[in-house]
Structures are given as C-alpha cells and as structure tokens.
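Numbering (full-length UniProt numbering), first residue to last: 1 to 134.
Idealized CB from N, CA, C, for every residue including glycine.
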C-alpha cells in the first residue's frame, strides 16, 4: 500500500499454528538448539514444564504482516522492540497484529504497535516497530 493511503489506526493480522516442524526448522536455520526448544525431558524441569517455541518465531509472524499486509510490499524495517510476555507451545495458534500508531509524511516513516496473542487471547509478544514506506 502506498504511504499516502496509510492512516493511523489501520491494522492487519496473520495467524499460524506452531508445529513441531516449525521449531525444528527454525532451530536448523538459526542454529539455536537450546534444549528448552528441542528436548522435552530437559524442558519439563524448567519453569515452563515442557518445550516452548523460539520466541523469535512469533517475531517472524510480525515481520510477515509488515512485509505482506501492512504497510506491505516494499516496506523496509528500521527497528523492532519486543517483550516476550508468555511462552508459546507446540499446537498454539499465534496471531500477529500490526497497527499504525504514527505517520511521518516528510520522511515516509511509519510507527507500528506490534503484538502476538495465542488462541486464548493471551498476549505473548508486545512491541513496536519503525518502518520506511516509499
């Protein structure tokens, strides 16, 4: 979407159910083989009482919304701040939401509120992003 068509308050979402394959594939690509993500026996002994997904998988869903929906194709990421609020487990359905909260007409910069919630409406990631949209 062109910058001139963007408005404060516009939002878009994208959802995905996190699978065993997602976690294994991400571990392979990122080289993050923390046993908290890959070893159930190890993970059972942690505060999470079982394996959890890499938090950055949720951040990837935020990136997908930004790059494909809002502001969409051609958007350039400038920054992203994230707070990981709650764990994501295999089988959770995560919905990433991006909302426009700021527009800088002169510099064509967009400020975004970025969140991920699970299937129960629990906030799992909270953050903000700055992007450039020409």
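Between residue i and residue j, what straight-line distance do the alpha-carbon atoms span, to the nearest angstrom?
i           : j           : result
residue 66  : residue 49  : 33 Å
residue 64  : residue 39  : 28 Å
residue 128 : residue 85  : 14 Å
residue 69  : residue 30  : 25 Å
residue 123 : residue 62  : 13 Å
residue 133 : residue 108 : 6 Å
residue 54  : residue 114 : 17 Å
residue 27  : residue 80  : 22 Å
residue 105 : residue 35  : 46 Å
residue 76  : residue 41  : 41 Å
Along the alpha helix (DSSP H) that carries residue i, what are the first and last residues, could you check?
i           : result
residue 25  : 20 to 30
residue 40  : 40 to 44
residue 127 : Counting along the chain, residue 127 falls outside any alpha helix (DSSP H), though it belongs to the beta strand (DSSP E) covering 123 to 132.
residue 55  : 55 to 68
For residue i versus residue j, is the C-beta distance shorter than 7 Å?
i           : j           : result
residue 101 : residue 111 : yes
residue 58  : residue 13  : no
residue 11  : residue 130 : no
Can you tell me where the beta strand (DSSP E) with residue i in it begins and where it stops?
i           : result
residue 76  : 76 to 84
residue 15  : 11 to 17
residue 96  : 93 to 104
residue 111 : 109 to 117
Is residue i buried or exposed, if buried means 16 or more other CB atoms sit within 10 Å of its CB?
i          : result
residue 43 : buried
residue 46 : exposed
residue 52 : buried
residue 33 : exposed
Near residue i, which residues of its chain fall below 8 Å by C-beta distance, leaving aside the five closest residues on each side in sequence?
i          : result
residue 93 : 15, 16, 17, 18, 118, 119
Output needed for residue i: all residues of its chain with C-beta closer than 7 Å, excluding positions within five of it in sequence on either side, in chain order.
i           : result
residue 103 : 6, 8, 110
residue 82  : 59, 125, 127
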